[in-house]
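All remarks here apply to the structure that follows.
There are 2 protein chains.
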Amino acid sequence: MGVTIKDVAKKAKVSIATVSHVIHKTRYVSKEVTERVNKAIEELNYYPNLLVGSLRKKKTFTIGLIIPNISNETFGKLSENIQRILFEKNYNLIICNTANSVSIENAAIKTLLTKKVDGVIAIPTTTEPTKFLEIKNMEIPIVFIDRIISGFEVDSVLINNYKGTYDAISYLIKDLKHRHIGYIDRPIDHSHNIEQKRGYIEALKDNGITINEDFIVRAERFDYSAGVNAVKLLLKRNPELTAIFGYYDIIAMGAIRGAIEMGYKIPNDISIIGYDGMPFTSVSNPSLTTVKIPITKLANNVCNLLLKRLEKNKEKNVTIKLNPNLLIRESVTIARDAS
Amino acid sequence: MGVTIKDVAKKAKVSIATVSHVIHKTRYVSKEVTERVNKAIEELNYYPNLLVGSLRKKKTFTIGLIIPNISNETFGKLSENIQRILFEKNYNLIICNTANSVSIENAAIKTLLTKKVDGVIAIPTTTEPTKFLEIKNMEIPIVFIDRIISGFEVDSVLINNYKGTYDAISYLIKDLKHRHIGYIDRPIDHSHNIEQKRGYIEALKDNGITINEDFIVRAERFDYSAGVNAVKLLLKRNPELTAIFGYYDIIAMGAIRGAIEMGYKIPNDISIIGYDGMPFTSVSNPSLTTVKIPITKLANNVCNLLLKRLEKNKEKNVTIKLNPNLLIRESVTIARDAS
DNA sequence: ATGAAAGCGCTAACAG
DNA sequence: CTGTTAGCGCTTTCAT
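Chains as they are written, first to last, in our numbering: chain A, -19 to 319; chain B, -19 to 319.
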């Protein structure tokens, strides 16, 4: 492992304890000795082995991040912010992409435990707490982002997806007179999309519109082409639709494409709303009206929560709820059947 | 640090050596004992501390990834692929975003060295090898992606940015009859954009077009709005331009927006070509003609190179060069002044 | 077929 | 003000 503290001690003609103390400024060392040690460190290109230190200090300064996929713009931005904030506090991030696979997620947790991370930040895929329970039982702090696992208490920073969707749908109904609104749901249920759907249902109800199950369809996957297919299915089945909500920007972008392929004009024939507020949705044409998740705020809250918890692990779990907000852009307009 | 090998040994009534051997199958242990040990591991929820193991084995199974920013779609995809491939080989990734800052990059290298990573993968920002030289001197394998630091020999997987740009510009000239082609360059020079520019220059030369320095401008930053500004500057100064090449997709997207804001129609008035092949450029409108970097192939090559090097570190440096390819989409068409 | 014990590089308690 | 040393959790050599 190259140069060790011993080599430095020998070169500086001091004990290894002194070297350690010079590095961490953990007790007074005379100026001359300090200089000698620093010189030796410099000359030998010594980098203290933090992993060994962690052996005694019970702290690795490593945090695990479990996330579906960082190549998603939203998750990428989020990871980047988290990494930056934690790096400033001397923590490093081991990022594990789960690709929405429970088995990969479990494997990731296992590795993180063997790497003895000080804490875990997760956007969990699973809806069973099993593996996360193990983390918790080991008293390793966990922070969940935008997901709940029912019956599992953790610190979490949530997005008010109910309100986000409710507001978007209400806007379509009240401001733009839509009454036939299609809905593209997530392939598999998790807490966030269930909340979204509740927002859709409640907004319809509150405006006296009966729910039509035919207007709701699940995307087959998490990607663009799934959006294309979903919208086609929806529009063929329900030609009366004047607006469509996609639970996720990429799906909504696919929906725009699918609708265009079917000969519809966006937004004149069909209004489309997305969810997440990914940057690229603003540069597309038409730009996408979408519900924006406050990423920076999210990252800040997550890190704060975790850092606090790393200091005192004993207090009650905290849940923070952040409001998304509707970004009105070009992909929506007044309903074509508005009277 | 919770449950240790000792606890397992005690519970299974064997020595810690035996526990270790059961875990790693590193010597024969009788069936009964093996079962007892595994049962104890299970019941105690024991996760071996890999960091300690690395103390003796001189191997941490951790790789450092230094990258400008993973929230960039290209880098995000790249990171994700690298993470997945290495994870399958039991390696973890510590990702450090440098935000194109040399000082952050240096700080990142320092941390990676204290975390005793087995290897480093980097898209370097600096053009001075100083810190990377330290890594190399410690005989830690490094792989560079798409960047060269002159006078610094490392394994690298490069993109043939010269050819990528040359082909794109040649296409504009030969197929689409453009003769007045603007060029938006990177804010600061690095190897890849220098190669790109050389491709631009040579393509013009080879087609008998004289280089006009006024047609070349540098983006002020790496972002969308810098593209907007750059194109405006370019078009005001040179109304004769019929096409513009942006060294980076986001800049090119900004250029489209800027040109539209000035009243140009894309592609009829101005053709615009980007570089990178980010996914979102295909769903925008008009979709962007761009030079696509082969991300998956890139990730595979990088990981292969690194994994090989982790086995035998003594051989000569390897450089792999991958060809990008032109994706022809909607943002280019025949020059408006074509005769 | 299994155990005892040295030692990896470092921190921190103790000693002087 | 500085040095000596035990020990963190584990792997591996040596011993039986």
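Glycine is no exception: its CB is placed at the ideal position from the N, C-alpha and C atoms.
Residue of the options minimising C-alpha distance to residue i
i                 : options                         : result
I4 of chain B     : B:R16, B:P28, B:A(-8)           : A small correction: the amino acid at residue 4 of chain B is His; Ile does not occupy that position in the sequence shown. When only C-alpha atoms are compared, the closest one is B:P28.
D249 of chain A   : A:V271, A:S267, A:I314          : A:I314
V208 of chain A   : A:N280, A:Y244, A:N187, A:S136  : A:Y244
T145 of chain A   : A:N70, A:V312, A:T270           : A:T270
I103 of chain B   : B:F260, B:K185, B:G(-18), B:L58 : B:L58
R64 of chain B    : A:N70, A:I62, A:S51, A:N72      : A:S51
G(-18) of chain A : A:L45, A:Y26, A:I(-4), A:K19    : A:Y26
F225 of chain B   : B:E200, B:H160, B:G188, B:V263  : B:H160
N187 of chain B   : B:Y151, B:N173, B:K212, B:R201  : B:Y151
E200 of chain B   : B:F260, B:I168, B:P219          : B:I168
E68 of chain B    : A:K69, A:I84, A:T54, A:F67      : A:I84
H170 of chain B   : B:L35, B:T(-2), B:V82           : B:V82
E220 of chain B   : B:K39, B:E53, B:A318            : B:A318
N218 of chain B   : B:A(-8), B:Y204, B:I240, B:Y163 : B:Y163
T190 of chain A   : A:H158, A:S(-5), A:D203         : A:H158
L287 of chain A   : A:R7, A:N77, A:V123, A:T6       : A:V123
L246 of chain A   : A:F260, A:N77, A:V211           : Here residue 246 of chain A turns out to be Ile, not Leu, going by the sequence shown. Considering only alpha carbons, the answer is A:V211.
E108 of chain B   : B:M118, B:N117, B:G131          : B:G131
T54 of chain B    : B:E291, B:P259, B:E295          : B:P259
Cβ neighbours of residue i in the same chain (closer than 6 Å, five flanking residues each side left out)
i                : result
I149 of chain B  : Y180, A183
G56 of chain B   : I50
G44 of chain A   : I74, L92, V97, V100
N281 of chain A  : V137, I300
R237 of chain B  : V208
V(-1) of chain B : I(-15), V(-12), A(-11), V17
N140 of chain B  : K301, N303
V2 of chain A    : V9, T14, V17
Neighbourhood of residue i by C-beta, 7 Å cutoff - its chain only, sequence neighbours within 5 removed
i                : result
N297 of chain B  : E133, V134, D135
N61 of chain A   : I275, T276, A279
S(-5) of chain A : A(-11)
C-beta contact flag for residue i and residue j at 8 Å
i               : j               : result
A79 of chain A  : P48 of chain A  : yes
I125 of chain B : V137 of chain B : yes
D194 of chain B : K177 of chain B : no
N72 of chain B  : I74 of chain A  : yes
R316 of chain B : S267 of chain B : no
C283 of chain A : L66 of chain A  : yes
S120 of chain B : I89 of chain B  : Checking the displayed sequence, the identity of residue 120 of chain B turns out to be Ile instead of Ser. Their beta carbons are not under 8 Å apart, which means I120 of chain B does not touch I89 of chain B by this criterion.
A223 of chain B : S262 of chain B : no
G254 of chain B : Y228 of chain B : yes
V312 of chain A : L214 of chain A : no
D147 of chain B : L306 of chain B : yes
N192 of chain A : S264 of chain B : no
I240 of chain A : A206 of chain A : no
Under the three-state DSSP convention, the category residue i falls into
i               : result
L307 of chain B : strand
S251 of chain A : strand
T73 of chain B  : In the sequence under discussion, the amino acid at residue 73 of chain B is Leu, which differs from the Thr named in the question. Residue state, collapsed to three classes: strand.
F202 of chain B : coil
L290 of chain A : helix
T325 of chain B : Here chain B has residues from -19 to 319 only, and residue 325 of chain B is not among them.
D169 of chain B : coil
K272 of chain A : strand
T78 of chain A  : coil
F112 of chain A : helix
A315 of chain A : coil
S83 of chain B  : helix
Cβ neighbours of residue i in the same chain (closer than 8 Å, five flanking residues each side left out)
i               : result
Y142 of chain A : E175, Q176, R178, G179, E182
T106 of chain B : V82, E85, N86, F112, I129
L24 of chain A  : V(-17), D(-13), V(-12), K(-9)
T42 of chain B  : Y71, N72, L73, I74, K95, K96, V97, D98
K19 of chain B  : A(-8)
*Given a limit of 7 Å on CB to CB distance, which residues of the region 24 to 36 of chain A reach chain B?*
N25, Y27, P28, N29, L30, L31, V32, S34, L35
*Residues of the region 191 to 210 of chain B with a CB closer than 9 Å to any CB of chain A: list them in chain order, please.*
Y204
*Looking at chain A, which residues of the region 254 to 283 of chain B have a Cβ within less than 7 Å of any of its Cβ atoms?*
F260, V263, S264, N265
_To be precise: take each residue of the region 48 to 64 of chain A, compare its Cβ to all Cβ atoms of chain B, and keep it if any distance is under 7 Å. Which residues remain?_
N49, I50, S51, E53, G56, K57, S59, E60, Q63, R64
*Taking any Cβ of chain A, which residues in the region 65 to 80 of chain B have a Cβ under 9 Å from it, in chain order?*
F67, N70, N72, L73, I74, I75, C76, N77, A79
_If the cut-off is 7 Å on Cβ atoms, which residues from the region 212 to 234 of chain A count as contacting chain B, listed in chain order?_
M233
*Note down, in chain order, all residues in the region 86 to 108 of chain A with a beta-carbon under 9 Å from any beta-carbon belonging to chain B.*
A87, A88, K90, T91, L92, L93, T94, K95, K96
_Against chain B: residues of the region 107 to 133 of chain A by CB proximity under 9 Å_ = E114, N117, M118, E119, I120
*Under 7 Å (Cβ pairs) to chain B, residues found in the region 234 to 245 of chain A*: R237
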